Amino acid sequence: MRIGLIAIDGCFGSAVASVIDIVRVADGARGDVDPRIDPIELAILGPKRRVTTTASMTLSVDHPLSESGEFDVVVVPALGTLTAAATNDVLQSRDARSVIASLGRLDEATTRIAAACTGVFAVAETGRMHHRRATTSWFLGPEFLKRYPTVALDLDTMVVVDGNLVTAGAAFAHIDLALSLVRSISPDLAQHVAKLLIIDERPSQAAFVAYEHLRHEDPIVVEFERFVRARLDEPFNVAFVAQSLGTSRRTLERRVRAALNLTPLGFVQRLRIERARHLSATTDFTSAEIALRVGYANAETLRSLLRRERRRS
């Protein structure tokens with residue numbers, strides 16, 4: 001397998017380094033796992049001969065972007081931004097537009113595209129994600145949906161595979177992305193690399209999502225979140241909440257779905273699980289006490305939801 005890792009000035013240093021290290025460890029270890037595994041080559045692609053990452057790491061570019069189509073997989077790492085405004089500025093830069101144009105020319109029949117974190121925005125700019133599943137940095141989810149409303153965004157999942165398109169979540173999900181690429185070559189090799197590098201399996205972003213930090217500006221959704229957070233220990237009735245907020249049930253469901261890609265009930269359940277995990281980690285409450293404080297009559301109901309979340313991951 002030939003993997004081309006795209007790099008532009010300001011890309012996330014640790015993201016690039018983690019992909020390079022995992023792929024090269026995999027190539028070095030493949031003979032110990034199965035001598036029949038073909039060599040795994042990784043090269044740096046870019047719009048100029050040298051690029052500098054956020055960590056001031058300088059990378060020599062092996063191939064111009066025009067040769068991206070010669071690789072089996074092209075990886076787009078994080079752009080090195082943390083806000084929607086900064087991400088938009090980078091996407092408008094000359095280097096990013098060159099990357100987007102080169103991605104748009106790739107033949108999906110021969111080249112897979114893999115991206116993580118804000119790098120997923122660059123892929124979405126090509127239009128290739130239209131009506132396809134993807135994930136990205138959880139805290140930029142609402143901005144992503146606003147820009148690319150036809151993408152089926154899954155903010156929980158760490159790595160989403162949809163045909164020849166592979167996307168991963170925030171920052172260090174690049175580790176999961178790289179392991180996913182290795183796993184597509186050999187599951188045994190991916191497991192071996194994970195053991196060598198002591199990488200724990202992290203199939204979901206859900207445990208890291210702090211919903212109060214999601215950047216959405218819909219006033220109805222903001223009021224809905226405030227309303228339910230103050231009443232997590234009470235039974236949830238979407239019609240009652242909608243009436244209390246001065247809107248209709250249908251409007252509330254539509255606006256919450258648009259902002260968070262969740263149903264109102266699904267969002268409330270996530271908030272309850274988030275609160276339960278926080279209480280478990282920071283108090284001496286029993287399971288029964290925590291269940292009551294997050295709106296469940298008994299601890300088994302809460303445990304069942306937690307198990308379901310783990311299975312979904």
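Just so you know, the sequence shown maps onto residues 1 to 313 in our numbering.
Think of the CB as a built atom: it goes at the ideal place given N, C-alpha and C, for glycine as much as any other residue.
Because the structure is a prediction, the values reported are computed rather than measured.
Residue i and residue j closer than 8 angstroms at C-beta
i	j	result
residue 229	residue 262	no
residue 78	residue 140	no
residue 150	residue 130	yes
residue 290	residue 304	no
residue 135	residue 153	yes
residue 113	residue 74	yes
residue 46	residue 20	no
residue 55	residue 117	no
residue 264	residue 245	no
residue 86	residue 167	no
residue 33	residue 188	yes
residue 119	residue 76	yes
residue 22	residue 186	no
residue 68	residue 102	yes
Residues near residue i by beta carbon distance below 6 angstroms, same chain, minus five either side
i	result
residue 108	164
residue 287	299
residue 43	4, 62 and 63
residue 233	293 and 295
residue 285	279
Selection from the options that minimises the alpha carbon distance to residue i
i	options	result
residue 13	53, 99 and 282	53
residue 255	138, 2, 220 and 199	220
residue 66	238, 121 and 95	95
residue 218	258, 291 and 60	258
residue 133	115, 146, 162 and 106	162
residue 307	102, 269 and 37	269
residue 8	297, 137, 80 and 274	80
residue 138	82, 183 and 93	82
residue 1	181, 231 and 128	181
residue 89	231, 10 and 106	10
Start and end residues, beta strand (DSSP E) containing residue i
i	result
residue 165	165-168
residue 8	Taken as a continuous stretch (DSSP letters only), residue 8 belongs to no beta strand (DSSP E), as it is neither H nor E.
residue 60	58-60
residue 274	Unbroken run through residue 274 is the alpha helix (DSSP H), 264-282; no beta strand (DSSP E).
residue 112	112-116
residue 42	41-46
residue 74	73-76
Buried versus exposed call for residue i [16 or more other C-beta atoms within 10 Å across all chains shown]
i	result
residue 156	buried
residue 198	exposed
residue 267	buried
residue 224	buried
residue 276	buried
residue 144	buried
residue 71	buried
residue 104	exposed
residue 192	buried
residue 222	exposed
residue 297	exposed
Sequence-distant residues of the same chain with beta carbon closer than 8 angstroms to residue i, five excluded per side
i	result
residue 27	39, 40, 41 and 42
residue 18	172, 174, 175 and 178
residue 235	295
residue 50	58, 59, 60 and 61
residue 196	25 and 29
residue 147	121 and 124
Range covered by the alpha helix (DSSP H) that runs through residue i
i	result
residue 50	Per DSSP, residue 50 belongs to no alpha helix (DSSP H); it is in the beta strand (DSSP E), 50-52.
residue 162	Looking at the DSSP string, residue 162 is not in any alpha helix (DSSP H); the run it does join, the beta strand (DSSP E), is 159-162.
residue 22	13-33
residue 98	94-104
residue 287	287-293
residue 235	Residue 235 -> no alpha helix (DSSP H), and no H or E assigned at all.
residue 79	Looking at the DSSP string, residue 79 is not in any alpha helix (DSSP H), and its letter there is neither H nor E.
residue 251	249-260
residue 184	173-185
residue 315	A query on residue 315 cannot be resolved here, the shown segment of the chain reaching from 1 to 313 and no further.
residue 123	119-124
Cutoff 7 angstroms; reference residue i; Cβ partners in own chain excluding five residues on either side
i	result
residue 194	179
residue 249	238, 239 and 242
residue 91	121, 122 and 125
residue 98	47 and 65
residue 301	291
residue 183	190
beta-carbon residue i near the ligand HEM non-hydrogen atom, thresh 7 angstroms
i	result
residue 179	With respect to small molecules bound, the structure shown includes none, and the ligand HEM cannot be examined in it.
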